[in-house]
Amino acid sequence: MTKSEKMKISLTDLSRNFEEVHPALTDREAVEEANRCLYCYDAPCIQACPTGIDIPSFIKKIASGNLKGSATTIMSSNPVGASCARVCPTEELCEGACVLNHSTKPIVIGDLQRYATDWAIKNDQVLFKKGERNGKTVAVVGGGPAGLSAARELARLGYDVTIFESSSKAGGLNSYGIVSFRLPQEVSFWEVDQVKNLDVKVRTNTTVGKDISADEMLSTYDSIVLAAGMAHVPDLGIEGEELDGVYDAIEFVKDTKTKPLTDAFIGKTVAVIGAGNTAIDGATCSVRLGAEKVKILYRRTQEEMSAYDFEFEFAKQDGVEFEWLTQPVKIHGDEKGSVRSIECVKMELGEPDKDGRRRPQPVQGSNFKIPVDAVIKAIGQTRHLSLIEQFQLDHKDGVVQVTESYRTSNPKVFACGDVVFGKGKGEAMVVTAAQQGKDAAYAIHKQFKEQSVTI
Amino acid sequence: MADLRSNLAGIQSPNPFWLASAPPTNSGYQVQRAFEAGWGGAVWKTLGDPILNVSSRFAAVSFNGQRVAGFNNIELITDRPLEVNLKEIYETKKMYPDHAIIASLMVEPKQEKWHEIVKRVEEVGVDGLELNFGCPHGMAERGMGSASGQVPELVEKQTFWAKEAAETPVIVKLTPNITDITATAEAAVRGGADAVSMINTINSLAGVDIDTWNTIPHVGGKGAHGGYCGPAVKPIALNMVGECARSPRINVPISGIGGISNWQNAVEFMLMGASNVQICTAAMHHGFRIVEDMIDGLNNYLDEKEIPSVQELVGKSVPKYSDWGNLDLNYKIVARINNDVCINCNKCHIACEDTSHQCIDMLKDGQGNPILKVREEDCVGCNLCSIVCPVEGAIDMVELESEHPPMTWNDRQAVLGLVQEKKGNLTP
Numbered sequence: 000m001t002k003s004e005k006m007k008i009s010l011t012d013l014s015r016n017f018e019e020v021h022p023a024l025t026d027r028e029a030v031e032e033a034n035r036c037l038y039c040y041d042a043p044c045i046q047a048c049p050t051g052i053d054i055p056s057f058i059k060k061i062a063s064g065n066l067k068g069s070a071t072t073i074m075s076s077n078p079v080g081a082s083c084a085r086v087c088p089t090e091e092l093c094e095g096a097c098v099l100n101h102s103t104k105p106i107v108i109g110d111l112q113r114y115a116t117d118w119a120i121k122n123d124q125v126l127f128k129k130g131e132r133n134g135k136t137v138a139v140v141g142g143g144p145a146g147l148s149a150a151r152e153l154a155r156l157g158y159d160v161t162i163f164e165s166s167s168k169a170g171g172l173n174s175y176g177i178v179s180f181r182l183p184q185e186v187s188f189w190e191v192d193q194v195k196n197l198d199v200k201v202r203t204n205t206t207v208g209k210d211i212s213a214d215e216m217l218s219t220y221d222s223i224v225l226a227a228g229m230a231h232v233p234d235l236g237i238e239g240e241e242l243d244g245v246y247d248a249i250e251f252v253k254d255t256k257t258k259p260l261t262d263a264f265i266g267k268t269v270a271v272i273g274a275g276n277t278a279i280d281g282a283t284c285s286v287r288l289g290a291e292k293v294k295i296l297y298r299r300t301q302e303e304m305s306a307y308d309f310e311f312e313f314a315k316q317d318g319v320e321f322e323w324l325t326q327p328v329k330i331h332g333d334e335k336g337s338v339r340s341i342e343c344v345k346m347e348l349g350e351p352d353k354d355g356r357r358r359p360q361p362v363q364g365s366n367f368k369i370p371v372d373a374v375i376k377a378i379g380q381t382r383h384l385s386l387i388e389q390f391q392l393d394h395k396d397g398v399v400q401v402t403e404s405y406r407t408s409n410p411k412v413f414a415c416g417d418v419v420f421g422k423g424k425g426e427a428m429v430v431t432a433a434q435q436g437k438d439a440a441y442a443i444h445k446q447f448k449e450q451s452v453t454i
Numbered sequence: 000m001a002d003l004r005s006n007l008a009g010i011q012s013p014n015p016f017w018l019a020s021a022p023p024t025n026s027g028y029q030v031q032r033a034f035e036a037g038w039g040g041a042v043w044k045t046l047g048d049p050i051l052n053v054s055s056r057f058a059a060v061s062f063n064g065q066r067v068a069g070f071n072n073i074e075l076i077t078d079r080p081l082e083v084n085l086k087e088i089y090e091t092k093k094m095y096p097d098h099a100i101i102a103s104l105m106v107e108p109k110q111e112k113w114h115e116i117v118k119r120v121e122e123v124g125v126d127g128l129e130l131n132f133g134c135p136h137g138m139a140e141r142g143m144g145s146a147s148g149q150v151p152e153l154v155e156k157q158t159f160w161a162k163e164a165a166e167t168p169v170i171v172k173l174t175p176n177i178t179d180i181t182a183t184a185e186a187a188v189r190g191g192a193d194a195v196s197m198i199n200t201i202n203s204l205a206g207v208d209i210d211t212w213n214t215i216p217h218v219g220g221k222g223a224h225g226g227y228c229g230p231a232v233k234p235i236a237l238n239m240v241g242e243c244a245r246s247p248r249i250n251v252p253i254s255g256i257g258g259i260s261n262w263q264n265a266v267e268f269m270l271m272g273a274s275n276v277q278i279c280t281a282a283m284h285h286g287f288r289i290v291e292d293m294i295d296g297l298n299n300y301l302d303e304k305e306i307p308s309v310q311e312l313v314g315k316s317v318p319k320y321s322d323w324g325n326l327d328l329n330y331k332i333v334a335r336i337n338n339d340v341c342i343n344c345n346k347c348h349i350a351c352e353d354t355s356h357q358c359i360d361m362l363k364d365g366q367g368n369p370i371l372k373v374r375e376e377d378c379v380g381c382n383l384c385s386i387v388c389p390v391e392g393a394i395d396m397v398e399l400e401s402e403h404p405p406m407t408w409n410d411r412q413a414v415l416g417l418v419q420e421k422k423g424n425l426t427p
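Residue numbers (numbering that gives the first Met the number 0), protein chains in the order written: chain A, 0 to 454; chain B, 0 to 427.
Structure below.
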């Protein structure tokens, strides 16, 4: 029996492999679990949620059969609450804080959140109304979690909001960056529609800085929210990177969500460089595209890996192999310019560097080759440097500098999400971006209110 | 192995668990299956003039997802011919001579009707009779069941008529749909009852469908009140058993009925004065097999307590059941929270703060961890916090030593009365 058979991967119908893996709760399961919630007062799960969802209330509403109310409670605090139900590291957030960890077992808050929002999706519910127009206009650069969140709150507060989105659809990471078997696109699109229902305009296929200049935006809109996220995966800086069969993990995952699934990976060997959550996505997508052997190569060890534990477990379940302390030094190709193998060097850990992780150093003469058909690069993402510079915003290595209220060096421009996410600032999570979007919206509102008082 | 044999007014059974008169005891087939499963006795579904039943008969109340917290029915007495029931009783008794079979009876309040039915059922070998003065629906509209069970004179008279003809013990089953159950229990005793059983079902409407606005259950869009039973009624039944058990005028054994779902509930009823128990809803929810744990659990409980016979439990808590006026006003308990066990759900805080006596504070300990603390001087010992607490052992209700000797309301009134009297005497 081959590995793909063991993993129940279909080689004849690849689309099956990309269906959501985690099953939804049944009605009965949801009600039973909802009734198990203690309905704590001043509940720690609320405090552990970056968007502060009133979790006991939305769970109580599931128990009472008030699913519209439940979904509204969730989405009101978190405009991308349906996506977060699936992608949040809940054991590190709400479920980790559940008091039942100290007595029985925590409530499956993520699954209940998905149950309530799934109901709203299936029943075409419109949960929010736009606010009375106040005559102010705001442009939001980027339609990902942070941008959508800011736009939703601004529209509720009465602003005329336009989102500028470079892709053909909004949703950002949720629509394109998170693998389908974790987060189906229609969930993200529903969240986008919820925002559009508030008369928020979404100008897709429009790249700010190219299709419309920063100056034009600054002169057209009363305020701007920069929520452009991050850009492509940087180059490895090694020989052979241009070969056919070398992929950017972000693009690779995006293709599985936007194009017909390719059968080019069936039976192939794939190496993924890096050990963050995107690397795991690249690896598990490869497995689901039918790859026979998938290896994650990481220059440090499991200790330093930035992927969540549950993602690591998930990859292992999928049969992904991990090669620790392994750094690629060259990609070898054949005469046609296709990848044939990857040459690596063994590493050892030295002294801790700036971010506290021990710095890996090559072991002299330990070079070895792994025969591979494809290489997927997942060593982080670059910054939208030129865009930031067009807006003339203060930044550190592409990380936009903001105040506590997400205001940039230009008082008209606020920034949130990955554009402000700097090294050593904890984890970049969808749910954090959503909260920053809300906070940026409230800061803009506060600024206008103060201005109107002064005038 | 403790001795589980029970004896209710001379009716012997291998254990105190009887099936109550209800759908589970409708036929010989069912009662035989029940005895095979281990039930000690069965009160055959009420015999009388055959009736017609409606379809859509039962409904249940779920609470927070828990099915059958309460149960409601509009089924009437047996709808099978008397001859068929008598034949099956005869056959079943022959097959299971050591198990108790009691015939539940309901006829019009006429002397000759009672004489006739008593004779006919005793001919087939029943161990006792249970007079159904409790059924609250349907039959009551025809002057039977609870309609006669709510009138002490009718209870007394009909019991007397049954006793005139009966050679086996007569149990009178009482309705809870009355202000003071001891009034009808006493009437049964005056009529010569050998035992009383309680409670029958409570007038009820299980629910209303909020989409169709129909009653639950409904019969073609129309509903009528039913009889309520199941776990939710247990406290009501237990009180009525206790009230009868502690009444000096009701000196006959009691068969306890009402929401008994397991051996622990049975022990409670027996401690409060029941000589045995009758069960229905639990069997309807889970099947006859549940009696296995009832027997096993009761036996283990008795063995652990080194009580040789189940009959020694009967009435042990009755002296502890009294009137409010006899409770010690100087007895004091307070809540104490064990913060090492507490999981900080804060339910005790909000319950106390919003709905009781505002004496649980949310504080931080030296390390900044959240803790809860009771201000004992303000605590009235209401128990609410320990009731809502989801964790065993997180809140203890602790007895405080009283500065004053015990004094009940009645003591107090008596002393005051004495003072008043003295004052009165002094007044010229």
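Cβ coordinates follow ideal geometry from the N, Cα and C atoms, glycine included.
Treat the numbers as computed from the prediction; the structure is a model and nothing was measured.
Check                                                                                                                                                     : Outcome
Using a Cβ-Cβ cut-off of 8 Å, state whether HIS284 (chain B) counts as contacting chain A.                                                                : no
Using alpha carbons as the reference points, say which of B:HIS284, B:ASP292, B:SER321 and B:ALA165 lies closest to VAL67 (chain B).                      : B:HIS284
Scan the stretch 330-345 of chain B for residues whose Cβ lies nearer than 8 Å to a Cβ of chain A and list them as they occur along the chain.            : ILE342, ASN343, CYS344 and ASN345
Can you tell me the Cα-Cα spacing of ILE237 (chain A) and GLN363 (chain A), whole angstroms?                                                              : 17 Å
Pick out whichever of B:THR77, B:ALA413 and B:LYS156 has its Cα sitting closest to the Cα of PRO45 (chain B).                                             : The sequence given here has Thr at residue 45 (chain B), not Pro. Nearest option by C-alpha distance: B:THR77.
Between which residues of its own chain and ARG358 (chain A) is the CB-CB distance below 8 Å, once the five residues before and five after are set aside? : LEU348, GLY349, GLU350, PRO351 and ASP352
Measuring only between beta-carbons, confirm whether SER218 (chain A) sits less than 8 Å from chain B.                                                    : no
Could you name the residues that DSSP lists as bridge partners for ARG202 (chain A)?                                                                      : A:PHE163
Between PRO135 (chain B) and TRP212 (chain B), what straight-line distance do the alpha-carbon atoms span, to the nearest angstrom?                       : 24 Å
For TYR246 (chain A), would you say it is in contact with chain B, using Cβ-to-Cβ distances shorter than 8 Å as the test?                                 : no
From the beta carbon of PRO389 (chain B), is the nearest beta carbon of chain A less than 8 Å away?                                                       : yes
If you draw a straight line from the alpha carbon of MET138 (chain B) to that of VAL313 (chain B), how long is it in whole angstroms?                     : 33 Å
By DSSP's criteria, ASP395 (chain B) is part of a beta bridge. Which residues make up the other side?                                                     : B:ARG335
Where do the N-terminal and C-terminal ends of the beta strand (DSSP E) with ASN299 (chain B) fall, by residue?                                           : ASN299 (chain B) -> not in any beta strand (DSSP E); alpha helix (DSSP H) instead, spanning 290-303.
Any beta-carbon of chain B closer than 8 Å to the one on CYS44 (chain A)?                                                                                 : no
By Cβ distance below 8 Å, which residues in the same chain neighbour VAL397 (chain B) in space, the five residues on each side in sequence not counted?   : ILE332, VAL333, ALA334 and ARG335
Where ASP41 (chain A) and PHE57 (chain B) are concerned, what is the direct C-alpha to C-alpha distance, given to the nearest angstrom?                   : 41 Å
Could you tell me which chain A residues have their CB closer than 7 Å to the CB of ASN63 (chain B), listed as they occur along the chain?                : ASN34 and ALA62
Taking Cβ-Cβ distances shorter than 7 Å, what residues in chain A pair up with ILE349 (chain B)?                                                          : TYR40
Relative to the C-alpha of MET74 (chain A), which candidate in A:VAL452, A:GLN434, A:PHE447 and A:TYR297 has its C-alpha closest?                         : A:GLN434
Is the Cβ of VAL107 (chain A) closer than 8 Å to any Cβ of chain B?                                                                                       : no
Going by DSSP, name the residue or residues bridged to TRP17 (chain B).                                                                                   : B:GLY40 and B:GLN277
Do MET229 (chain A) and ALA274 (chain A) have their C-beta atoms closer together than 8 Å?                                                                : no
Given that GLU90 (chain A) touches chain B, what residues does it touch there, using C-beta distances under 8 Å?                                          : Near GLU90 (chain A) there are no residues of chain B at all, since even the closest Cβ is about 17 Å away, more than 8 Å.
For the pair the stretch 23-33 of chain A and the stretch 53-66 of chain A, tell me if three or more CB-CB distances fall below 8 Å.                      : yes
Determine whether the Cβ of HIS331 (chain A) lies closer than 8 Å to any Cβ atom of chain B.                                                              : no
Give a yes or no on whether the minimum CB-CB distance between GLU28 (chain A) and chain B is below 8 Å.                                                  : no
The alpha helix (DSSP H) that contains PHE188 (chain A), what's its start and end?                                                                        : 184-195
Just how far apart, CA to CA, sit LEU111 (chain A) and ILE370 (chain B)?                                                                                  : 29 Å
Chain B partners of VAL98 (chain A), CB-CB under 8 Å?                                                                                                     : ILE342, ASN343 and CYS344
May I have the straight-line CA-CA distance separating VAL412 (chain A) from LEU197 (chain A), to the nearest angstrom?                                   : 22 Å
Quick check on LYS2 (chain A) - is its C-beta less than 8 Å from some C-beta in chain B?                                                                  : Confidence at LYS2 (chain A) is low in this model, with a pLDDT of 48, below 50, so the placement of that residue is unreliable and no value is reported for it.
Classify LEU384 (chain A): buried if its beta carbon has 16 or more other beta carbons within 10 angstroms, exposed otherwise.                            : exposed
Please confirm whether VAL338 (chain A) and LEU242 (chain A) have their CB atoms less than 8 Å apart.                                                     : yes
Locate the beta strand (DSSP E) running through ARG248 (chain B), then write down its first and last residues.                                            : Neither: ARG248 (chain B) is in no beta strand (DSSP E) and is coded neither H nor E.
Under the three-state reduction of DSSP, which class applies to GLN363 (chain A): helix, strand or coil?                                                  : coil
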